[in-house]
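The block underneath contains the structure these notes are about, expressed in structure tokens.
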Amino acid sequence: MEERVKDILQSTNIDQPIVVKGWIRTKRDSKNVVFLAINDGSCMSNIQVVIDKEKGFSTELLAKASTGASVVVKGQLVESLGGQQKVEVLGEELEIVGEAPEDYPLQKKRHTIEFLREIAHLRPRTNIIGAVARVRSAASFAVHKFFQEKGFLYVHTPIITASDCEGAGEMFQVTTMDLNNVPKTEDGAVDFTQDFFGKQTSLTVSGQLSGETYACALSNIYTFGPTFRAENSNTTRHLAEFWMIEPEMAFCHLEGNMDIAEEFIKYVLKYILDNCAEDMAFFDSFVQKGTIDTMKNVIENEFARITYTEAMEYLEKADRTWEYLPKWGVDLQSEHEKYLTEEIFKKPVIVTDYPKEIKAFYMKLNDDGKTVRAMDILVPRLGEIIGGSERESDYGKLEQRIKDSGMDPKDYWWYMDLRKYGTVPHSGFGLGFERLILYVTGIANIRDVIPYPRSVNNANF
RNA sequence: UCCCUUGUAGCUCAGUCGGUAGAGCGGAUGACUGUUAAUCAUUAGGUCGGCGGUUCAAGUCCGUCCGAGGGAGCCA
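Numbering of the first sequence is given in the numbering used here, commencing with residue 16 and proceeding in unit increments.
As structure tokens, this is what we get:
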């Protein structure tokens, strides 16, 4: 019988034959026995393999069984004589599948997260990155489970886009042109008609606009895919390539949007607590003390909901000196978000109805003519984790907002058609998947919650 | 992009007033009651991030470039 370590550790098939396949985490050598801790990634715990030196294992073979080596062990599952595990494997056959020479970079001892980032191809073999991978996978599943259970359709919006002004940030250009010999028009501009698509194209910064078209036909949809921003930002919460979840709901106003967003976050957090208990316990004790309780509090309590104007009142009343003085009409700064989430409310805060000048053109204008139906969800430590809004569903108002933003309504003809034919109030939001993982795990840098981070000046591995 | 910090052995770091380089861990070798990041002993391992300057002498002081970390801005 051959099983994953996770199942073996739970097994009650004592004295039955068993096969373990995995990588050696540590070897403890004694006069008569050798202990191998084997991990296969199925869980954080290792299975202990006991090798009795009397049973004819050669010295050469045991010497090769070093930290990092891959092995197949055939033996018997037995109750452990040691105190720290219930079961262990009494080894009868040991096969070293792949040796790990002495320059194997991962020690038994703890490494800094920065060093692990330099060996991103080996870091999934560590406790912390293995745990991140499992949590990430579980969270992805929970995302789909939540929306599928609610009848949302998963829509694959394009990665390559010709919408040259989605308004969400700097874009990566996609081209097959020879950059050493770029075709030019008569007036010296780049001739994109000779490019692959016959026009200028980029990697998507958001699937929202395409998502809206499907929501305005299928009612409730969501996207979950890679997103690209070419911003020159160097922080612990930004990536050039990240994964974003963007639901879009027809016949849905801002209130319904907030309800779904809050329910969604709680659902995913609960799923992780319920299904990744061992990994979460690790994060709780070694990465950020108290993160499990923090998550439980998020799940059990309602998010605070305030308008931007109310937020400004809190900030203006605050007895403290600001680096950036809060002022109506100016966006919330990091220090403001931290104050609201960490000091005033001590939990996630949904801020709504921002001044139209600091928000995107597609957001629904309020009757006051000054604010839009936007909602950002801010969380302690990280700041914005969700950005969303009710969309402008009035053709004329949308046209005006596009013009006011200095853009040409003609470029958005298909987007405006949604308002021309059978328009409907609709809302949606975007959630940065890696930020959610940061939030749950308590890990400090976003580059450690994605397998191979892409950021300014870094596309290694 | 801006501000601050930082770069010394494979890893984590110490190195005083400028005077010829150190520890712990890891590795190797050996020992050892069934160990739990095992323990004990021995041992190898360095262009002190790169380049330039000051000085009799630079890991140490100055300039510059590169990398890393944190904060800010931009956002998810």
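Glycine included, C-beta positions come from ideal geometry on N, C-alpha and C.
Flag this pair as yes or no: are the beta carbons of W258 and I461 separated by less than 9 Å? Cβ atoms of W258 and I461: not closer than 9 Å.
I need the DSSP call for W343, collapsed to helix, strand or coil. Coil.
Pick from G90, Q63, K70, I128: whose alpha carbon is nearest that of G98? Ranking G90, Q63, K70, I128 by Cα distance to G98 puts Q63 first.
Host alpha helix (DSSP H) of E357 (start-end): No alpha helix (DSSP H) contains E357, which DSSP labels as neither H nor E.
3-residue-minimum beta strand (DSSP E) runs that sit fully inside the region 380-460, ordered along the chain: Considered as a whole, the region 380-460 harbours 386-394, 398-405, 441-447 as its complete beta strand (DSSP E) runs of no fewer than 3 residues, in chain order.
Cβ pair I452, V150 closer than 9 Å: Yes. Within cutoff.
Give a yes or no on whether the C-beta atoms belonging to V439 and A265 are separated by under 9 Å. Taking 9 Å as the Cβ cut-off, V439 and A265 qualify as a contacting pair.
By Cβ distance, which residues of its chain are closer than 7 Å to L433, with the 5 residues on each side in sequence left out? Hits under 7 Å: E227, T228, C231.
Between which two residues does the beta strand (DSSP E) holding E164 run? Segment 142-164 is the alpha helix (DSSP H) holding E164; no beta strand (DSSP E) there.
Would you call H136 buried or exposed, if buried means 16 or more other Cβ atoms sit within 10 Å of its Cβ? Result: exposed.
Restricting to Cα atoms, I'd like to know which of D210, F50, Q415, D202 is closest to D193. Measuring C-alpha to C-alpha distances from D193 to each of D210, F50, Q415, D202 identifies D210 as the nearest.
Contact between the region 421-430 and the region 284-299 is defined here as three or more beta-carbon pairs at a separation below 8 Å; is this criterion met? Taking 8 Å as the limit for Cβ pairs, the verdict is that the region 284-299 does not touch the region 421-430.
Can you tell which of Y323, T367, F360, V283 has its C-alpha closest to the C-alpha of K342? K342 has its Cα closest to that of Y323, out of Y323, T367, F360, V283.
DSSP three-state call for E110: helix, strand or coil? Looking at E110 - three-state DSSP - the assignment turns out to be strand.
Are the beta-carbon atoms of E18 and I33 separated by less than 9 Å? Contact flag set, yes.
If you draw a straight line from the alpha carbon of T172 to that of K379, how long is it in whole angstroms? So the two alpha carbons sit approximately 23 Å from each other.
Backbone CA spacing between M273 and Y410 [nearest angstrom]: When rounded, the separation of the alpha-carbon atoms in M273 and Y410 is 24 Å.
Could you tell me which residues DSSP pairs with I62 in its beta bridges? According to DSSP, I62 bridges with I53.
Beta-bridge partners of Y237, as assigned by DSSP: Y237 is bridged to Y169, P262.
Enclosing alpha helix (DSSP H) for V20 [first to last residue]: Counting along the chain, the unbroken alpha helix (DSSP H) around V20 starts and ends at 20-25.
Could you check the C-alpha separation between M327 and P370 for me, to the nearest Å? M327 and P370 have their C-alpha atoms roughly 12 Å apart.
Which one or two residues does DSSP pair with G37 in a beta bridge? Answer is V86.
Find the nearest neighbour of E278 within the set A157, I128, T82, G106, judged by alpha-carbon distance. A157 is the residue among A157, I128, T82, G106 whose C-alpha sits nearest the C-alpha of E278.
What ranges does the beta strand (DSSP E) occupy inside the region 286-355, keeping only unbroken runs of at least 3 residues that lie completely in it? Whole beta strand (DSSP E) segments, 3+ residues: 319-322.
Cβ atoms of G90 and V170: under 9 Å apart, would you say? It is not a contact, given that the beta carbons lie outside the stated cut-off.
Expressed to the nearest angstrom, what Euclidean distance is found between the alpha-carbon atoms of R140 and E270? Between R140 and E270, the alpha-carbon positions lie close to 44 Å from each other.
Thinking I66 and G37 are a contact (beta carbons under 8 Å), I'd like their distance in whole angstroms, please. Here I66 is actually not in contact with G37; their C-beta atoms are around 15 Å apart, not less than 8 Å.
Looking at the structure shown, is I128 part of a helix, part of a strand, or coil, going by DSSP? Here I128 sits in helix by DSSP.
Local conformation of N473 per DSSP, three classes: Of the three classes helix, strand and coil, the one that applies to N473 here is strand, per DSSP.
To the nearest angstrom, how far is the alpha carbon of E338 from that of E350? Roughly 8 Å separates the two Cα atoms.
Status (buried if at least 16 other CB within 10 Å, exposed otherwise) for G166: Exposed.
On the criterion of 16 or more Cβ atoms from any shown chain inside 10 Å, does Y237 qualify as buried, or is it exposed? By the neighbour-count criterion, in which a residue is buried when 16 or more other Cβ atoms sit within 10 angstroms of its Cβ, Y237 is buried.
Check whether the Cβ atoms of V49 and K79 sit closer than 9 Å, and answer yes or no. Contact flag unset, no.
Between F297 and N142, which are expected to be in contact by the criterion C-beta below 8 Å, what is the C-beta distance as a whole number of angstroms? Between N142 and F297 the Cβ distance is about 6 Å, and since that is below 8 Å, they are a contact.
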